[in-house]
Amino acid sequence: MIIFFDGVCNLCNSSVNFIIKKDKNEKFKFVAFQSSIGSDLLKKNNYNDNNLDTLVILKNNKIYTKSTAALLIAKELNSLWKLFSFFLLIPKFLRDPIYIFISKNRYKWFGKKESCMLPSPEIKSRFLD
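Per the working numbering: the sequence shown = residues 49 to 177.
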């Protein structure tokens with residue numbers, strides 16, 4: 049499964065680091081929207097939204113976004129985070145407004161970096177570049 053994230057967003061980078069710690073089986077790979085490989089992979093999978101305000105995952109050649117992407121990630125994590133996948137039973141039109149509200153305010157609340165994060169040598173293999 050590939051997680052596409054906003055590489056300059058502090059909340060997004062913290063989320064990536066959190067997922068790496070909880071993903072003991074290394075099910076996830078990561079790529080920044082801003083990278084050429086990220087952009088190419090999204091185009092190849094017919095995702096043409098240039099808006100960087102959502103989490104995107106590619107799972108089994110299918111694109112998932114917003115709250116569905118976040119909950120599918122939680123479902124794959126080791127620990128009690130799997131319980132959050134229960135919220136997948138709630139219709140998207142009820143879940144996504146909460147996700148969108150947080151997403152629209154993430155720079156204001158959590159800040160933003162000047163450039164994409166550089167992974168440490170220990171986790172570099174988890175990132176596509």
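Beta carbons: idealized from backbone N, C-alpha and C, even for Gly. These numbers come from a predicted model, not from an experiment.
Mind checking which residues open and close the alpha helix (DSSP H) that includes residue i?
i	result
Val79	Segment Lys77 to Ala80 is the beta strand (DSSP E) holding Val79; no alpha helix (DSSP H) there.
Leu125	Here Leu125 belongs to no alpha helix (DSSP H), and DSSP marks it neither H nor E.
With DSSP run on the structure shown, which of helix, strand or coil describes residue i?
i	result
Thr102	coil
Asn92	For the record, residue 92 in the displayed sequence is Lys; it is not Asn. Three-state result, Lys92: helix.
Lys161	coil
Ile138	coil
Lys152	helix
Ile111	strand
The beta strand (DSSP E) that contains residue i, what's its start and end?
i	result
Ile51	Ile50 to Phe53
What does a CB cutoff of less than 6 Å around residue i pick up in its chain, not counting 5 residues either side in sequence?
i	result
Pro167	Phe175
Assuming residue i contacts residue j under a Cβ cut-off of 8 Å, what Cβ separation, rounded to an integer in Å, is found between them?
i	j	result
Lys123	Asp144	The pair is not a contact, with the Cβ atoms about 17 Å apart (cut-off 8 Å).
Between which residues of its own chain and residue i is the CB-CB distance below 7 Å, once the five residues before and five after are set aside?
i	result
Asn58	Phe158, Gly159, Lys160 and Lys161
Quick check: residue i and residue j, are their CB atoms within less than 8 Å of each other?
i	j	result
Phe52	Val64	no
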